[in-house]
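Structure first, commentary second.
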Amino acid sequence: APARAAAPPTPEAALQQWKDSVATIDNLYANWDAISKQGGDAIRKELGTANFGATASPLFQIEKAFRVLRDGPDVDLVEFTEQSEEFVYALVRAD
């Protein structure tokens, strides 16, 4: 049987992933010197652009969480889409 794609996160899980992502970015900013001394792979792991080890950064596949959050009842679809695309673009550039 063909493998099935993972189910999208629930709205609650997507929101938690976003909150955890913000904390990860804050940690990366606050501890840049220590993290960057560990090399590019350590930075990529924090950014979620490389998945090393047993745990993944909350930024890993953040686009899936954005797709769920975009459909929330109080979301300005155009604004959210523009901002989330800009965020993902910045994340890719950082890598």
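In the working numbering, the protein residues as written are 128 to 222.
Where a beta carbon is used, it is the ideal one built from N, C-alpha and C, also for glycine.
Predicted model only: the values in this text are computed from it and were never measured.
Practice task
Measure the CB-CB distance between residue 191 and residue 135 and report whether it falls below 8 Å.
Solution key: It is a contact, given that the beta carbons lie within the stated cut-off.
Exercise for the section: Taking residue 196 as part of the alpha helix (DSSP H), name the residues at either end of that continuous run. Expected result: Annotation for residue 196: the continuous alpha helix (DSSP H) segment containing it runs 189-197.
Exercise for the section: Report yes if the CB atom of residue 147 is closer than 8 Å to the CB atom of residue 176, and no otherwise. Expected result: Taking 8 Å as the Cβ cut-off, residue 147 and residue 176 do not qualify as a contacting pair.
Handout entry: Within 8 Å, strictly: CB atoms of residue 196 and residue 141
Key = Yes, the Cβ-Cβ distance between residue 196 and residue 141 is below 8 Å.
Practice task
Would you kindly work out how many angstroms separate the C-alpha atoms of residue 200 and residue 186, rounded to a whole number?
Solution key: Taking the straight line joining both Cα atoms gives about 23 Å.
Handout entry: Same chain, Cβ closer than 8 Å to residue 173, five either side skipped, listed in chain order
Key = Same-chain partners within the cutoff: 151, 154, 155, 162, 184 and 186.
Handout entry: Endpoints, alpha helix (DSSP H) assigned at residue 186
Key = Element bounds for residue 186: n/a, residue is neither H nor E.
Handout entry: Three-way DSSP call (helix, strand, coil) for residue 222 in this model
Key = It is coil, neither helix nor strand.
Handout entry: Three-state class that DSSP yields for residue 128 in the structure shown
Key = At residue 128, the pLDDT of 47 sits below 50, so the modelled position is not reliable and the matter cannot be decided from this model.
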